[in-house]
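Before any comments, here is the structure.
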Amino acid sequence: MSITEPEATTAVNGSLPQQRRTYSIGELARMFEVTPRTIRFYEQEGLLAPERRGQTRIYHEKDRVRLKLTLRGKRLGFSLAEIREVIEMYDAMPDGNARQLKRLLEILADKRTNMERQLEDIRLMQRELDDVEMRARDVLERLDQE
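Those letters in the sequence shown? Residues 1 to 146, by the UniProt record's numbering.
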């Protein structure tokens with residue numbers, strides 16, 4: 001079910017009202033391949049703020065963008081607090097400003113450092129597994145020769 005409604009204000013040229021796209025929870029869930037429960041969770045966490053008409057949630061383009069940023073942030077390993085901070089900075093200054101961009105760069109640098117540390121831990125674990133596997137094969141080979 002697509003919901004389209006006239007914008008409350010007139011278009012820039014003063015003519016007909018603009019139409020703005022709205023979404024149901026099901027549409028957003030299908031669009032981003034998440035469950036409606038996930039979307040409601042992000043709403044509960046303050047990351048989305050749909051309009052309410054009775055029991056119906058009406059999501060606007062701003063909510064769609066925020067959900068997209070939230071899901072991208074989660075994929076990149078951002079915490080909900082970090083995602084909220086970036087979204088709030090975006091809301092305050094949509095075109096970005098130096099403070100916002102510096103903070104985003106700090107968050108990205110922290111994520112990169114953590115990922116590099118995790119990658120090194122994974123490599124170490126792989127070497128240890130390789131060593132254990134090699135020793136187990138050696139012992140098994142000796143047992144087979146007896």
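Heads up, the beta-carbon is just placed ideally off N, CA and C, and yes, glycines get one too.
Integer Cβ distance of residue i from residue j, believed to fall under 8 Å
{"i": "Leu69", "j": "Val34", "result": "Contact doesn't hold; Cβ gap of about 14 Å is too wide."}
Contact check, residue i vs residue j, beta carbons under 7 Å
{"i": "Pro50", "j": "Arg57", "result": "yes"}
{"i": "Asp63", "j": "Leu47", "result": "no"}
{"i": "Thr22", "j": "His60", "result": "yes"}
{"i": "Gly73", "j": "Lys111", "result": "no"}
{"i": "Ile107", "j": "Glu133", "result": "no"}
Cβ neighbours of residue i in the same chain (closer than 6 Å, five flanking residues each side left out)
{"i": "Ser2", "result": "Its pLDDT being 45, under 50, Ser2 is placed unreliably by the model, and the measurement read from it follows with that caveat. Correct list: empty, nothing qualifies."}
{"i": "Thr9", "result": "Unreliable placement is indicated for Thr9, whose pLDDT of 42 sits below 50; the coordinate value is still reported in the next sentence. Taken in chain order, the list of residues that qualify is empty."}
Own chain residues within Cβ distance below 7 Å of residue i, not counting five before or after
{"i": "Met89", "result": "Gln100 and Arg103"}
{"i": "Met93", "result": "Gln100"}
DSSP beta-bridge partners of residue i
{"i": "Tyr90", "result": "Answer is none; Tyr90 lacks a bridge partner."}
{"i": "Tyr59", "result": "Tyr23"}
{"i": "Glu51", "result": "Ile58"}
Sequence-distant residues of its chain with Cβ nearer than 8 Å to residue i (five each side left out)
{"i": "Ala29", "result": "Thr35, Pro36, Thr38 and Ile39"}
{"i": "Leu87", "result": "Going by the sequence as given, residue 87 is Ile instead of Leu. Same-chain partners within the cutoff: Leu47, Arg66, Leu69 and Thr70."}
{"i": "His43", "result": "It is worth fixing the name first, because residue 43 is Glu in this sequence and not His. Correct list, in chain order: Ala49, Pro50 and Arg57."}
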